[in-house]
Amino acid sequence: MKNFAQMMKQAQQLQDKMVEMQEKLHDMEITGVSAGGMCQVTLNGKGEAKKIRIDPSLVDPDDAEVLEDLILAAFNDAKGKIEAKMQEKMSELTGGLPLPPGMKLPF
């Protein structure tokens with residue numbers, strides 16, 4: 216029974232560390248770019264948009280579709296960076312313990 220109690224204690228410690236990591240990620244801001252940095256979208260660690268910066272030279276009223284595509288590309292770049300950072304932090308937290316395929320943390 217001693218081993219079970221130890222496992223439960225370790226699980227609680229891991230859960231506490233995950234909560235702390237999620238709070239840090241929420242406060243983090245990551246910027247995605249497109250058009251060589253002329254279009255930027257900044258997201259927090261939860262994927263919520265915080266800022267958008269668009270170089271005025273990209274604004275063409277006759278071709279809004281290009282600007283829309285650049286914003287989407289910058290958003291997706293930021294989202295990909297957040298996911299990579301989360302995987303990196305989770306790997307640090309779990310000590311490199313591989314998770315089963317399709318399982319993502321935090322739950």
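Counting in my numbering, the sequence shown runs from 216 upward without gaps. The C-beta atom is built at its ideal place from N, Cα and C for all residues, glycine as well. As the structure is a prediction and not an experimental result, all values here were calculated from the model.
Practice task
With a 10 Å radius around its C-beta and 16 neighbouring C-beta atoms as the bar for buried, classify VAL274 as buried or exposed.
Solution key: Taking the sequence shown and counting its residues from 1, the one referred to as residue 274 is at position 59. By the 10 Å Cβ count, VAL274 comes out exposed.
Exercise for the section: For LYS241, collect the residues of the same chain with a Cβ closer than 7 Å to its Cβ; drop the 5 residues on either side in sequence, then sort them by chain order. Expected result: Here the question's residue 241 lines up with position 26 in the sequence shown. It should be noted that the sequence gives His, not Lys, for residue 241. Setting aside the 5 residues that flank it on each side, HIS241 is surrounded in the same chain by ASN259, GLY260 and LYS261, each with a C-beta closer than 7 Å to its C-beta; the list follows chain order.
Practice task
For the alpha helix (DSSP H) containing GLU280, list its first residue and its last residue.
Solution key: Numbered from 1 along the sequence shown, position 65 holds the residue referred to as residue 280. Going by DSSP, GLU280 is part of the alpha helix (DSSP H) stretching over 279 to 308.
Exercise for the section: Taking all protein chains shown into account, decide if LYS304 is buried (16 or more other Cβ within 10 angstroms of its Cβ) or exposed. Expected result: In the sequence shown, the residue the question calls residue 304 occupies position 89. Answer is buried; the Cβ neighbour count reaches 16.
Practice task
State buried or exposed for PHE219, treating a residue as buried only when at least 16 other CB atoms are found within 10 Å of its CB.
Solution key: On the sequence shown, position 4 is the one that residue 219 refers to. That one is exposed.
Exercise for the section: List the residues that DSSP assigns as beta-bridge partners of GLY251. Expected result: Mapped onto the sequence shown, residue 251 falls at position 36. The bridge partners DSSP lists for GLY251 come to none.
Practice task
Compare the beta carbon distance of VAL234 and GLY247 with 8 Å and say whether it is the shorter of the two.
Solution key: Here the question's residue 234 lines up with position 19 in the sequence shown. Here the question's residue 247 lines up with position 32 in the sequence shown. Against a cut-off of 8 Å, the Cβ pair of GLY247 and VAL234 comes out as no contact.
Practice task
Determine the closest residue to LEU308 out of GLU280, SER272, GLN237 and LYS217, with distance taken between C-alpha atoms.
Solution key: As a working mapping, residue 308 is identified with position 93 in the sequence shown. Closest option to LEU308, Cα to Cα, is GLN237.
Practice task
Compare the beta carbon distance of ASP231 and MET253 with 8 Å and say whether it is the shorter of the two.
Solution key: Within the sequence shown, numbered from 1, the residue matching residue 231 stands at position 16. Within the sequence shown, numbered from 1, the residue matching residue 253 stands at position 38. Going by C-beta atoms, ASP231 is not nearer than 8 Å to MET253.
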